[in-house]
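Engineer:
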Amino acid sequence: MYINPVAKTLAYCLMPNHIHVLIRTRKESELNQLEKISTYKNIELYISKQFSNLFSSYTQAFNKVNQRRGNLFISNFQRKIVDNEIYLDNLIFYIHNNPVHHNFVSEIEDWKYSSYQIYIFDQDTFLEKEFVNNLFSNKNNFIEFHQNKQEFDKISQLIIE
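Counting from 1 along the sequence shown, just add 1 to a position and that's the residue number in the working numbering.
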(Lines of atoms letter the chains of each structure in order from A and count residues from 1; the text may use other names and numbers.)
(Lines give C-alpha, C1' and ligand atoms only; values in the text may rest on other atoms or scores of the structure.)
Protein backbone atom coordinates (compact mmCIF):
# COMPACT_ATOMS: atom_id res chain seq x y z
CA MET A 1 0.00 0.00 0.00
CA TYR A 2 1.18 3.51 -0.78
CA ILE A 3 0.74 4.84 2.74
CA ASN A 4 2.43 2.08 4.76
CA PRO A 5 6.01 3.26 4.24
CA VAL A 6 5.18 6.70 5.64
CA ALA A 7 2.27 6.07 8.00
CA LYS A 8 0.33 3.44 9.88
CA THR A 9 -3.34 3.08 8.98
CA LEU A 10 -5.66 2.98 11.99
CA ALA A 11 -9.11 3.03 10.38
CA TYR A 12 -10.78 3.49 7.01
CA CYS A 13 -14.16 3.50 5.34
CA LEU A 14 -14.75 3.40 1.59
CA MET A 15 -17.93 5.20 0.59
CA PRO A 16 -19.48 5.52 -2.87
CA ASN A 17 -18.41 9.16 -3.16
CA HIS A 18 -15.62 9.62 -0.62
CA ILE A 19 -13.10 7.85 1.59
CA HIS A 20 -12.20 8.26 5.24
CA VAL A 21 -8.70 7.18 6.24
CA LEU A 22 -7.19 7.65 9.68
CA ILE A 23 -3.43 7.39 9.74
CA ARG A 24 -0.62 7.91 12.20
CA THR A 25 2.46 9.25 10.45
CA ARG A 26 5.76 7.73 11.34
CA LYS A 27 8.27 9.77 13.32
CA GLU A 28 10.43 12.07 11.23
CA SER A 29 13.54 10.13 12.28
CA GLU A 30 12.00 6.94 10.84
CA LEU A 31 10.95 8.70 7.65
CA ASN A 32 14.41 10.15 7.08
CA GLN A 33 15.81 6.61 7.04
CA LEU A 34 13.62 5.58 4.11
CA GLU A 35 15.60 5.77 0.89
CA LYS A 36 12.81 7.24 -1.26
CA ILE A 37 12.02 9.94 1.28
CA SER A 38 15.61 10.95 1.93
CA THR A 39 15.80 12.24 -1.65
CA TYR A 40 12.65 14.34 -1.14
CA LYS A 41 13.18 17.87 0.13
CA ASN A 42 9.86 17.97 1.96
CA ILE A 43 8.48 14.99 3.89
CA GLU A 44 4.99 16.49 3.97
CA LEU A 45 5.02 16.77 0.18
CA TYR A 46 6.09 13.13 -0.09
CA ILE A 47 3.25 12.00 2.19
CA SER A 48 0.80 14.09 0.17
CA LYS A 49 2.09 12.47 -3.05
CA GLN A 50 1.56 9.00 -1.55
CA PHE A 51 -2.06 9.87 -0.78
CA SER A 52 -2.48 11.18 -4.30
CA ASN A 53 -1.21 7.82 -5.61
CA LEU A 54 -3.60 5.96 -3.29
CA PHE A 55 -6.63 7.98 -4.42
CA SER A 56 -5.66 7.63 -8.06
CA SER A 57 -5.40 3.83 -7.71
CA TYR A 58 -8.72 3.71 -5.87
CA THR A 59 -10.38 5.76 -8.62
CA GLN A 60 -8.97 3.50 -11.34
CA ALA A 61 -10.17 0.36 -9.54
CA PHE A 62 -13.60 1.87 -8.86
CA ASN A 63 -13.95 2.95 -12.49
CA LYS A 64 -12.94 -0.50 -13.73
CA VAL A 65 -15.44 -2.30 -11.48
CA ASN A 66 -18.22 0.14 -12.35
CA GLN A 67 -17.31 0.41 -16.05
CA ARG A 68 -16.99 4.17 -15.90
CA ARG A 69 -14.38 6.84 -16.65
CA GLY A 70 -13.26 10.09 -15.15
CA ASN A 71 -12.63 11.60 -11.76
CA LEU A 72 -14.20 10.15 -8.67
CA PHE A 73 -13.22 12.86 -6.20
CA ILE A 74 -14.22 16.48 -6.60
CA SER A 75 -11.67 18.03 -4.28
CA ASN A 76 -8.29 17.23 -2.79
CA PHE A 77 -8.02 15.35 0.46
CA GLN A 78 -8.39 17.20 3.72
CA ARG A 79 -6.64 16.48 6.97
CA LYS A 80 -7.01 17.20 10.65
CA ILE A 81 -4.54 16.73 13.47
CA VAL A 82 -5.75 14.37 16.16
CA ASP A 83 -4.32 15.67 19.39
CA ASN A 84 -5.91 13.58 22.14
CA GLU A 85 -7.15 10.08 22.82
CA ILE A 86 -10.83 10.98 23.27
CA TYR A 87 -10.79 12.68 19.89
CA LEU A 88 -9.08 9.62 18.41
CA ASP A 89 -11.62 7.17 19.86
CA ASN A 90 -14.51 9.25 18.54
CA LEU A 91 -12.90 9.69 15.15
CA ILE A 92 -12.53 5.92 14.76
CA PHE A 93 -16.23 5.60 15.60
CA TYR A 94 -17.14 8.39 13.17
CA ILE A 95 -15.24 6.71 10.34
CA HIS A 96 -16.82 3.32 10.98
CA ASN A 97 -20.29 4.81 11.49
CA ASN A 98 -20.19 6.91 8.29
CA PRO A 99 -22.23 4.40 6.21
CA VAL A 100 -24.93 4.43 8.92
CA HIS A 101 -24.85 8.25 9.09
CA HIS A 102 -25.40 8.43 5.31
CA ASN A 103 -28.14 5.74 5.42
CA PHE A 104 -26.33 3.13 3.35
CA VAL A 105 -26.80 0.55 6.13
CA SER A 106 -28.57 0.49 9.48
CA GLU A 107 -25.73 -1.12 11.47
CA ILE A 108 -21.97 -0.54 11.33
CA GLU A 109 -21.22 -4.24 10.97
CA ASP A 110 -23.31 -4.42 7.79
CA TRP A 111 -20.86 -2.24 5.80
CA LYS A 112 -18.13 -4.47 4.40
CA TYR A 113 -15.95 -1.64 3.08
CA SER A 114 -14.52 -0.44 6.37
CA SER A 115 -11.90 -1.51 8.84
CA TYR A 116 -14.56 -2.28 11.46
CA GLN A 117 -14.98 -5.80 10.06
CA ILE A 118 -11.23 -6.39 10.32
CA TYR A 119 -11.18 -5.40 13.98
CA ILE A 120 -14.18 -7.44 15.10
CA PHE A 121 -13.26 -10.58 13.16
CA ASP A 122 -9.51 -10.43 13.88
CA GLN A 123 -8.60 -10.63 10.19
CA ASP A 124 -5.01 -10.35 9.00
CA THR A 125 -4.38 -6.85 7.81
CA PHE A 126 -2.03 -3.95 7.16
CA LEU A 127 -3.88 -1.99 9.87
CA GLU A 128 -2.23 -0.96 13.11
CA LYS A 129 -4.59 -3.22 15.08
CA GLU A 130 -2.53 -3.47 18.23
CA PHE A 131 -2.44 0.31 18.61
CA VAL A 132 -6.23 0.61 18.17
CA ASN A 133 -6.96 -2.38 20.41
CA ASN A 134 -4.85 -0.76 23.13
CA LEU A 135 -6.87 2.47 22.82
CA PHE A 136 -10.02 0.58 23.77
CA SER A 137 -8.21 -1.87 26.11
CA ASN A 138 -9.76 -4.88 24.36
CA LYS A 139 -12.00 -5.94 21.50
CA ASN A 140 -15.15 -6.05 23.64
CA ASN A 141 -14.69 -2.40 24.64
CA PHE A 142 -14.10 -1.52 20.99
CA ILE A 143 -17.37 -3.19 19.96
CA GLU A 144 -19.29 -1.69 22.89
CA PHE A 145 -18.01 1.82 22.08
CA HIS A 146 -19.27 1.43 18.52
CA GLN A 147 -22.62 -0.01 19.60
CA ASN A 148 -23.27 2.85 22.01
CA LYS A 149 -23.89 5.13 19.02
CA GLN A 150 -21.95 8.26 19.89
CA GLU A 151 -23.95 11.44 19.38
CA PHE A 152 -23.00 13.25 16.19
CA ASP A 153 -23.46 16.72 17.68
CA LYS A 154 -20.73 15.85 20.20
CA ILE A 155 -18.31 14.85 17.45
CA SER A 156 -19.29 17.38 14.78
CA GLN A 157 -15.82 18.97 14.90
CA LEU A 158 -14.49 15.71 13.48
CA ILE A 159 -16.52 15.91 10.32
CA ILE A 160 -14.84 16.91 7.08
CA GLU A 161 -17.35 16.77 4.25
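Where a beta carbon is used, it is the ideal one built from N, C-alpha and C, also for glycine.
Only a predicted model underlies this, so the values are computations on that prediction, with no experimental measurement involved.
Expressed to the nearest angstrom, what Euclidean distance is found between the alpha-carbon atoms of Lys28 and Leu136?
Structural biologist: Rounded to the nearest angstrom, the two C-alpha atoms are 19 angstroms apart.
Engineer: Three Cβ pairs or more, each shorter than 8 angstroms: is that satisfied between the region 43-56 and the region 138-146?
Structural biologist: With a cut-off of 8 angstroms, the region 138-146 and the region 43-56 do not count as touching, because too few Cβ pairs lie within range.
Engineer: May I have the straight-line CA-CA distance separating Ile121 from Asp84, to the nearest angstrom?
Structural biologist: Taking the straight line joining both Cα atoms gives about 25 angstroms.
Engineer: Just reading off the beta strand (DSSP E) that His21 is part of, what are its end residues?
Structural biologist: From DSSP, the beta strand (DSSP E) with His21 extends over Ile20 to Thr26.
Engineer: State the Cα-Cα distance for the pair Leu11 and Phe132, rounded to the nearest angstrom.
Structural biologist: Cα to Cα, the separation comes out at about 8 angstroms.
Engineer: Within the same chain, show all residues whose beta-carbon is closer than 7 angstroms to that of His21, passing over the 5 residues directly before and after it, in chain order.
Structural biologist: If we look at His21 and ignore the five residues flanking it on each side, its Cβ neighbours are Tyr13, Cys14, Ile96 and Asn99.
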